[in-house]
Amino acid sequence: MSDATAAVVEPAAAEAPVVQLERVSHWYGPVIGLNDVSLEFRPGVTGLLGPNGAGKSTLMRLMTGQMEASQGSVRVFGASPFARPEVFRRLGHSPEHEQLWDHLSGRDHLFALLHYGGFAARDARERTARTLARVGLEAAAAKKVGAYSKGMRQRLRIAQAIAHDPELVVLDEPLNGLDPVGRREMIDLVRELGASGRSVVVSGHVLHEVERMTRRIALIHRGRVLAEGTIDEIRRALDQRPHHVRVAADDPRGLARLLLEEPGVLSVRVAADEALFEVKEPGHFFDRLARIAADGFIAVKEYESTDDNLQAIFDYLVA
Amino acid sequence: MTTSKPSSTTSSPDGAPRRGLLDGAAVTVRLAGLSLLRGRRGVGLVLLCAAPLAWPAMELFEPGAGAKGGVGFVDLLTKSYFPVINLIVALFVGCGAIGEEVDGKTLPYLLTRPVPRSALLIGRWLSSLVAAGALLAASYVALYVATVAPMGAEALRIDLPILGWALVAMALSLVAYCALFLLLSVVVKWPLLVGLALVFVWEHFAVDLPGSVPRWSLLHHVYTLLARLSGDDGYVAIARPYGLELLPASDSLQVLAWTTVIALALALRRFSRKSFLV
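As you go down the protein sequences, you meet chains A and B in turn.
Residue 278 in this note's numbering sits at position 278 of the first sequence; the count goes up by one each step and never skips.
All you need for this note's numbering is the position in the second sequence, starting with 1, plus 1000.
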């Protein structure tokens, strides 16, 4: 985990869920978009991860009341969000696609949505200026949206999602189209929103970027939730399945011979100065490895679990 | 959507913004302005509306070849505007009221605001009336001036009621047609195609069929209103195909009103329950 990620405020398990999905399924004609999904989102940042077509956008459309689930219950702030204005007062949504009203300036675009959403003109103007500055669009406020770059459009989409200070912010692929600097700024913004006590649900498929925003994730694949919780919790839940450990040692072949005798070590691949073990009980394996290192039979230079990052967990679950 | 002069808005007691049906519809109209006449659709409709001006212009080059005076004005209205241009303008603007947000994938921004869907739909219907009405009214006035002005300033004053009644009938017809085409845009997959079929296969020909068939078309009731309101022989002849009895104005008015109410009610019902995949 990077230093940046360490500062992320995790959703407090004790707090009441802001979004509750109970056995939700949704079909697009004969095609299933979501299949029996049960999830809860609490204050803080939660990452929704999955490849394209996994069902992330369907889930977000249901949460933001644009669609009604074919089956099951979706509740946001305790109520069904479908076409429910009182829920929308507390909700901000940035859709995945990049379409906006190209004929308006960025300032007019944001003002129109705030004014339409119920803010008096003066308040809407103040919020427009404040939010455009927050997302770094102050200098381009008067420019027509049609002339915006992809990254600027993304910033404006996020601006309209947060301009009314919603308690729940749903961001569908918010890093798409942003340059590296923009990505870093947006990641900071998402973390800041989470740290301020808001519930932020953010989808993505660039795993390390989501990992920098939050350690709490839900993995979705083919309309189903594969795993939910912190990355560490998910890893622990998977301990009963094979776990990969890379060990660098001066005699990797000898180390492999010693450890293969241990129960729970399923296989080993030996290279010039390291061995890659597949183990079923990582706790027992690490104890034994520590003893071997302490006894001094074989010099163990370093070891790491290659399954602790998000990419590995994801690859593992969808394999 | 476009921006115009903002209005004052109401807030709920806790200070959080909120809009009801009327407030939401009103702000939708204000923000939409004439945006339905923007882009290629707007250019196309303006050209279409301007096309009949070619007839009075022909009079300038070859007297007797074009249209002239109050009679010429009514002739052009009944041959081009009422049976074709009004309907096409209403079709494109009515279908675009919600359709342009769906096609442009901008509908999610509107649907996820604390405004009832019904307010958005009614507001967009009113916007379509404003846009189509403004365009057609400007065209009627231009056509009136172009056809009647050559007869002298006195003719412009005397024939003014002809223009007035034409504007009234146009406005009433738009109320019903825009509601009908708005309904199509939220119910069917290809609203423009279905709308064109309705305009050219039904409305355009039904008014000329024998028996009481014309009474099943909205256009017949628009002509009936024109005939009753203005008393112009040109309108009366069209409103009584094959000697069909001329209906009272109130009957035709009721047909237009009920068409509007039913179309809007069905559109509201569908729109408020529809899942959008944009």
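Cβ atoms here follow ideal geometry from the backbone N, Cα and C, with glycine treated the same way.
Practice prompt. Output the distance between the C-alpha atoms of T1112 of chain B and A1155 of chain B, rounded to the nearest integer angstrom.
Written response: 54 Å
Worksheet item: Which chain B residues are close to T64 of chain A, counting only those with a beta carbon under 9 Å from its beta carbon?
Response: P1108, L1111, T1112
Item to complete: Check G177 of chain A in the structure and name its three-state DSSP category.
Response: The three-state secondary structure of G177 of chain A, taken from DSSP, is coil.
Item to complete: Quick one: list the residues of chain B neighbouring F88 of chain A, beta-carbon separation under 7 Å, in chain order.
Response: T1112, R1113, P1114
Discussion item. Since V1027 of chain B and H164 of chain A should fall inside the 8 Å C-beta cutoff, what is the C-beta to C-beta distance between them, to a whole number of angstroms?
Written reply: In this structure V1027 of chain B is not in contact with H164 of chain A, their Cβ atoms being roughly 15 Å apart against a cut-off of 8 Å.
Practice prompt. Find out if the Cβ-Cβ distance for the pair V145 of chain A, L104 of chain A is shorter than 7 Å.
Written response: yes
Worksheet item: If you draw a straight line from the C-alpha of R269 of chain A to the C-alpha of R253 of chain A, how long is it?
Response: 9 Å
Worksheet item: Would G29 of chain A be called buried (16 or more neighbouring beta carbons within 10 Å of its own) or exposed?
Response: exposed
Discussion item. I want to see whether chain B comes within less than 7 Å of M60 of chain A, judged by CB atoms only; does it?
Written reply: no
Discussion item. For the segment 1214–1228 of chain B against the segment 1240–1250 of chain B, do three or more pairs of beta-carbon atoms, one drawn from each stretch, fall closer than 8 Å, so that the two count as touching?
Written reply: In this structure the segment 1214–1228 of chain B lies against the segment 1240–1250 of chain B, because at least three pairs of beta carbons, one per stretch, are closer than 8 Å.
Worksheet entry | For E1245 of chain B, the nearest candidate out of B:S1212, B:R1270, B:L1253 (CA to CA) | Measuring from the Cα of E1245 of chain B, the nearest candidate turns out to be B:S1212.
Worksheet entry | Nearest-angstrom Cβ-Cβ length linking H93 of chain A and T64 of chain A, presumed shorter than 8 Å | 4 Å
Worksheet item: Are there three or more Cβ pairs, one per stretch, closer than 8 Å when the segment 142–162 of chain A is compared with the segment 50–70 of chain A?
Response: no
Worksheet item: Which value, in whole angstroms, describes the spacing of the CA atoms of L62 of chain A and Y1109 of chain B?
Response: 15 Å
Worksheet entry | Same chain only: Cβ atoms within 7 Å of S1127 of chain B, ignoring 5 sequence neighbours per side | T1028, V1029, A1032, L1036, A1097
Discussion item. If I follow the unbroken alpha helix (DSSP H) through Q352 of chain A, where does it start and stop?
Written reply: Since the displayed chain A opens at 1 and closes at 319, residue 352 of chain A lies outside it and no answer follows.
Worksheet item: Checking contacts by CB at 7 Å: is R1019 of chain B closer than that to chain A?
Response: Yes, its Cβ sits closer than 7 Å to a Cβ of chain A.
Worksheet item: From the DSSP output, which residues share a beta bridge with A79 of chain A?
Response: A:V76
Discussion item. Closer than 8 Å between beta carbons: that is the criterion. Which residues of the segment 99–112 of chain A meet it against chain B?
Written reply: Q99, L100, W101, H103, L104, D108, F111, A112
Item to complete: Taking only beta-carbon positions, decide if K1105 of chain B is within less than 7 Å of chain D.
Response: The structure shown contains no chain D; its protein chains are A and B.
Discussion item. Please state the DSSP three-state secondary structure of R1040 of chain B.
Written reply: Note: R1040 of chain B maps to helix in three-state DSSP.
Discussion item. So V76 of chain A and L91 of chain A are supposed to be a Cβ contact under 8 Å. How far apart are they, rounded?
Written reply: 7 Å
Worksheet item: Does DSSP put K143 of chain A in a helix, a strand or coil?
Response: Reduced to three states, the DSSP call for K143 of chain A is coil.
Discussion item. With distance defined between alpha-carbon atoms, name the residue in A:Q99, A:V300, A:I220 nearest to L317 of chain A.
Written reply: Considering only alpha carbons, the answer is A:I220.
Practice prompt. Would you identify the three-state DSSP class for G148 of chain A, choosing helix, strand or coil?
Written response: As written in the sequence, residue 148 of chain A is Tyr, which differs from the Gly given in the question. Reduced to three states, the DSSP call for Y148 of chain A is coil.
Item to complete: Please go through the same chain and pick out, in chain order, the residues whose beta-carbon is closer than 6 Å to the beta-carbon of A1119 of chain B, but skip the five residues on each side of it.
Response: For A1119 of chain B, the CB contacts under 6 Å within the same chain, skipping 5 residues up- and downstream, are L1021, G1024, A1025 in chain order.
Worksheet item: For the segment 163–179 of chain A, which residues have a CB atom closer than 8 Å to at least one CB atom of chain B, in sequence order?
Response: H164
Discussion item. Given this structure, state the Cα-to-Cα distance separating M1 of chain A from V170 of chain A, to the nearest angstrom.
Written reply: Legend: pLDDT at M1 of chain A = 34, less than 50; position of this residue unreliable, value from coordinates given subsequently. M1 of chain A and V170 of chain A have their C-alpha atoms some 24 Å from each other.
Worksheet entry | Cα-Cα separation between C1049 of chain B and L1076 of chain B, rounded to whole angstroms | 12 Å
Worksheet entry | Members of the segment 137–161 of chain A near chain B, C-beta cut-off 8 Å | Under the 8 Å Cβ criterion, the segment 137–161 of chain A contributes Q160.
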